[in-house]
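**Student:** This structure is in structure tokens; I'll ask about it shortly.
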Amino acid sequence: MGIPTVKREKQNYLMNTLHSLLYELSEEQKNDCVIIIFVAEVGLYGNTLFPNEVESGVLEVISPPAYYYPDLSNLKKTFGDSEDRVRWRTKQNLDYSFLMLYAQPKGTFYLQLEDDIIAKPEYFHAINNFAAKQSQEWMILEFSQLGFIGKLFKSEDLPLIVEFFLMFHKDKPIDWLLDDLLWVKVCNPEKDSVHCQKEKAKLRIRAKPSLFQHVGIHSSLAGKIQNLKDKDFGNNVLYKVHKNPPAKLDTSLKIFQQHTLENVYEGKDCFWALAPMAGDYISFTFSKPLKVEKYLFRSGNMEHPGDKLFNTTVEVLPADVSSTKDGYLKIGTFENGISEGSISLSVGKIQAIRLSINSDSPVWAILSEVSI
Numbered sequence: 001m002g003i004p005t006v007k008r009e010k011q012n013y014l015m016n017t018l019h020s021l022l023y024e025l026s027e028e029q030k031n032d033c034v035i036i037i038f039v040a041e042v043g044l045y046g047n048t049l050f051p052n053e054v055e056s057g058v059l060e061v062i063s064p065p066a067y068y069y070p071d072l073s074n075l076k077k078t079f080g081d082s083e084d085r086v087r088w089r090t091k092q093n094l095d096y097s098f099l100m101l102y103a104q105p106k107g108t109f110y111l112q113l114e115d116d117i118i119a120k121p122e123y124f125h126a127i128n129n130f131a132a133k134q135s136q137e138w139m140i141l142e143f144s145q146l147g148f149i150g151k152l153f154k155s156e157d158l159p160l161i162v163e164f165f166l167m168f169h170k171d172k173p174i175d176w177l178l179d180d181l182l183w184v185k186v187c188n189p190e191k192d193s194v195h196c197q198k199e200k201a202k203l204r205i206r207a208k209p210s211l212f213q214h215v216g217i218h219s220s221l222a223g224k225i226q227n228l229k230d231k232d233f234g235n236n237v238l239y240k241v242h243k244n245p246p247a248k249l250d251t252s253l254k255i256f257q258q259h260t261l262e263n264v265y266e267g268k269d270c271f272w273a274l275a276p277m278a279g280d281y282i283s284f285t286f287s288k289p290l291k292v293e294k295y296l297f298r299s300g301n302m303e304h305p306g307d308k309l310f311n312t313t314v315e316v317l318p319a320d321v322s323s324t325k326d327g328y329l330k331i332g333t334f335e336n337g338i339s340e341g342s343i344s345l346s347v348g349k350i351q352a353i354r355l356s357i358n359s360d361s362p363v364w365a366i367l368s369e370v371s372i
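Residue numbers for the sequence shown follow full-length UniProt numbering, beginning at 1 and rising by one.
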């Protein structure tokens, strides 16, 4: 998966995009993909984004050498675009081309994304299934109807595609060039436009519903506002349902509207609370002590991926052992908004699980998934 990014004047969407893409990936899926962030400005992020994912190899951050870009100061204006817009779209074509060639040897397929999108749950599985079902030769599988978002290519085709982009990088935006490439490959000049569209549709296959939604408002082109939305995306899934054991629920957090702890525990809604303070807690006290093999707590959701639990520990209260002053034993912490793990059999039966918040948070907190 390739994501080009540049600094925006008004708002940066990249972190939310990465949270959304990594949100639903299983460990097996993470081992089967790599997300490449192309930073079109040297030193903008380095490897400070998601250090664990960078270390594991699921995330790479790259930048072009300064000499990669030609002089962009005297470009010919086309299609009535301003000088700034022509320069912006020309550089964008070069950015995409660099990213595609870097990614080409790293996998069987290449998925083009942008830095201001959100993904549907199970997007990875849906893409693999759709690609596997194709019985005819294809060049592009589309998982969004917008621009250059959600376009899947075979890695073996990328050199040809990039060669075409580079030949005409000064002339048109990249999504127009992609359509021109299809025209060159399959359209017969001696036949009409209807025949041409039918032939192009054989190489460019659209999947529905869309798996990616554009959420950015402020473009990377300074001053440009874009309210683009994919109508085929549908509604976002904001919580996940699990069958949890009977328990009494308690929290010191101030609940926002109807988003109660009971709702997320029972799989009816997410839990949403005002900004946590040091010493706040969320507790689950079981009706009777039970053996718990594993747990999962996920904070944030697709619409509010930044509303996470930070500096929060997961603790259990063994039914028979007083390991600490208050009896609770620390078994895990939240990383990137998620705490997941197994509980040792030596702990025995558990009376309660508690999430303890150890420092003040600048943001509100959402629990979107609880699985015990």
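Even for Gly, the Cβ is constructed at its ideal location relative to N, Cα and C.
The structure displayed is predicted, hence computed values, not measured ones.
Beta-carbon within less than 7 Å of residue 290's beta-carbon, same chain only, minus the 5 sequence neighbours each way: which residues are those?
**Tutor:** Excluding sequence neighbours, residue 290 sits near 245, 349, 350.
**Student:** Hey, out of 259, 283, 182, whose CA is closest to residue 273's CA?
**Tutor:** Checking every option, the nearest Cα to that of residue 273 belongs to 259.
**Student:** Excluding the 5 residues flanking residue 3 on each side, which residues of the same chain have their C-beta closer than 6 Å to its C-beta?
**Tutor:** Closer than 6 Å at Cβ, skipping near neighbours: 37, 113, 115.
**Student:** For residue 319 versus residue 285, is the C-beta spacing smaller than 7 Å?
**Tutor:** Result no, Cβ atoms of residue 319 and residue 285 do not sit closer than 7 Å.
**Student:** Along the beta strand (DSSP E) that carries residue 299, what are the first and last residues, could you check?
**Tutor:** Per DSSP, residue 299 belongs to the beta strand (DSSP E) from 294-299.
**Student:** Tell whether a beta-carbon distance below 7 Å holds between residue 203 and residue 302.
**Tutor:** Cβ atoms of residue 203 and residue 302: not closer than 7 Å.
**Student:** On the DSSP bridge assignment, give the partners of residue 340 in chain order.
**Tutor:** Note: residue 340 sits in a beta bridge opposite 296.
**Student:** When DSSP labels each residue in this structure, what does residue 138 get in the three-state scheme?
**Tutor:** In this structure, residue 138 counts as coil in the three-state DSSP scheme.
**Student:** Ordered along the chain, which non-local residues of its own chain (more than five positions away) have a Cβ less than 6 Å from that of residue 86?
**Tutor:** Around residue 86: 75, 77.
**Student:** With residue 96 and residue 50 assumed to form a contact (beta carbons below 8 Å), what rounded beta-carbon distance in angstroms separates them?
**Tutor:** Their Cβ separation, rounded to whole angstroms, is 23 Å, which puts residue 96 and residue 50 out of contact at 8 Å.
**Student:** Output the distance between the C-alpha atoms of residue 61 and residue 53, rounded to the nearest integer angstrom.
**Tutor:** Going from the Cα of residue 61 to the Cα of residue 53 covers about 11 Å.
**Student:** State buried or exposed for residue 19, treating a residue as buried only when at least 16 other CB atoms are found within 10 Å of its CB.
**Tutor:** Answer is buried; the Cβ neighbour count reaches 16.
**Student:** Would you identify the three-state DSSP class for residue 362, choosing helix, strand or coil?
**Tutor:** In this structure, residue 362 counts as coil in the three-state DSSP scheme.
**Student:** When the Cβ atoms of the stretch 185-200 are set against those of the stretch 87-107, are three or more pairs found closer than 8 Å?
**Tutor:** No: fewer than three Cβ pairs fall under 8 Å.
**Student:** So, helix, strand or coil for residue 264, using DSSP?
**Tutor:** Residue 264: helix per DSSP, three-state reduction.
**Student:** Going by the DSSP bridge assignment, what does residue 333 pair with across the sheet?
**Tutor:** BP columns for residue 333 point to 313.
**Student:** Go through the stretch 100-145 residue by residue and report every complete run of the beta strand (DSSP E) that reaches 3 residues or more, in order.
**Tutor:** Whole beta strand (DSSP E) segments, 3+ residues: 109-112, 117-119, 140-142.
**Student:** Here's the rule I'm using: 16 or more other beta-carbon atoms within 10 Å means buried, otherwise exposed. How should residue 341 be labelled?
**Tutor:** Label assigned to residue 341: exposed.
**Student:** Residue 37 bridges to which residues according to DSSP?
**Tutor:** Answer is 3, 61, bridged to residue 37.
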